[in-house]
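Have a look at the structure below before the remarks.
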Ligand SMILES: [Zn+2]
């Protein structure tokens, strides 16, 4: 079975990312499939949860992935949310790190161990605990705990699952990685005025789509984007269920359903 083709890919997409110019209050987003993104925020390029599989490479993917690791160039930052394959991938991360040699890699402690085993030097990494922040290149990044299989907290090393709030160029983007709701999440999110919230909808150990709708009813991001579907058979969801329920329950919520490899420019 052939995969869903990406809108843009390879050198064409790479050039588009490099050439995209943004005014104040704008950010560009490219969905690279599942939880993987490229963000351009002002001048800063961020790769989030870099993951790539060619056709036929295991695990089988339903979606064509637009950028090989060596095409993930020009980044000022790489973020990994947690130590699972589709978020901190030992096959993708070393290539992405090499393609963007200036970019520090933000990641939680168990993901650090995955990255070390994959041969990435510790000096490239900034281990985040959750409820801490990193600032560079006009970007302010806050790491927030997430609750993928639940909240897992180690007194010394911090949280196992993280999401990140990326702020720069007068835009605030929230990518929770994988999460379910947890006690204290709401209060943490309430500290921010979210421009774009990327919300997993696949359920299982993640938000179910009605929970993503509920997130919007509570937190009112300017734009909600469903993510984490369309990649693996047996762990996907139809984004139309999300948009339909949103139209019913939060009718004034702006929702953007992205296509993989397509540029979306958010304007405040
Ligand atoms: Zn995941």
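Numbering (the numbering used here), first residue to last: 8 to 275.
From the three backbone atoms N, C-alpha and C, an ideal C-beta is built for every residue, glycine too.
Helix, strand or coil for residue 276, going by three-state DSSP, please let me know. In the structure displayed, the chain extends from 8 to 275; residue 276 sits before or after that span and is not available.
Residues whose Cβ lies closer than 7 Å to any heavy atom of ligand 1, in chain order: 41, 42, 91, 93, 94, 185, 213, 235
DSSP-derived helix/strand/coil call for residue 126: Along the chain shown, read from residue 1 onward, the residue named residue 126 stands at position 119. Note: residue 126 maps to coil in three-state DSSP.
Is there contact between the stretch 161-178 and the stretch 98-108, where contact requires at least three CB pairs shorter than 8 Å? no
For residue 133, which residues in the same chain have their Cβ closer than 8 Å to its Cβ, ignoring the five residues on either side in sequence? Stepping through the chain shown from its first residue, residue 133 is reached at position 126. Same-chain partners within the cutoff: 111, 112, 113, 114, 141.
Using beta-carbon positions only, say whether residue 51 and residue 175 come within less than 8 Å of one another. Indexing the chain shown from 1 puts residue 51 at position 44. Indexing the chain shown from 1 puts residue 175 at position 168. Yes. Within cutoff.
What are the start and end residues of the alpha helix (DSSP H) that includes residue 217? By 1-based counting over the chain shown, the position of residue 217 is 210. Looking at the DSSP string, the run of the alpha helix (DSSP H) that includes residue 217 is 216-226.
Starting from the N-terminal side, write out each stretch of the beta strand (DSSP E) that is 3 residues or longer and does not extend beyond the stretch 154-212. 169-175, 178-182, 203-207
Report the three-state DSSP secondary structure of residue 21 (helix, strand or coil). Residue 21 sits at position 14 when you count from the first residue of the chain shown. When DSSP states are grouped into helix, strand and coil, residue 21 belongs to the helix group.
Nearest by alpha-carbon distance to residue 126: which of 151, 155, 95, 19 is it? Counted from its first residue, the chain shown places residue 126 at position 119. Looking at the Cα atoms, 95 is the closest of the given residues.
Backbone CA spacing between residue 190 and residue 149 [nearest angstrom]: By one-based count along the chain shown, residue 190 stands at place 183. By one-based count along the chain shown, residue 149 stands at place 142. So the alpha carbons of these two residues sit roughly 18 Å apart.
DSSP three-state assignment for residue 243, whether helix, strand or coil: Counted from its first residue, the chain shown places residue 243 at position 236. Coil.
Would you tell me roughly how many angstroms separate the C-alpha atoms of residue 9 and residue 73, rounded to the nearest one? Taking the first residue of the chain shown as position 1, residue 9 is located at position 2. Taking the first residue of the chain shown as position 1, residue 73 is located at position 66. Each residue's alpha carbon lies about 15 Å from the other.
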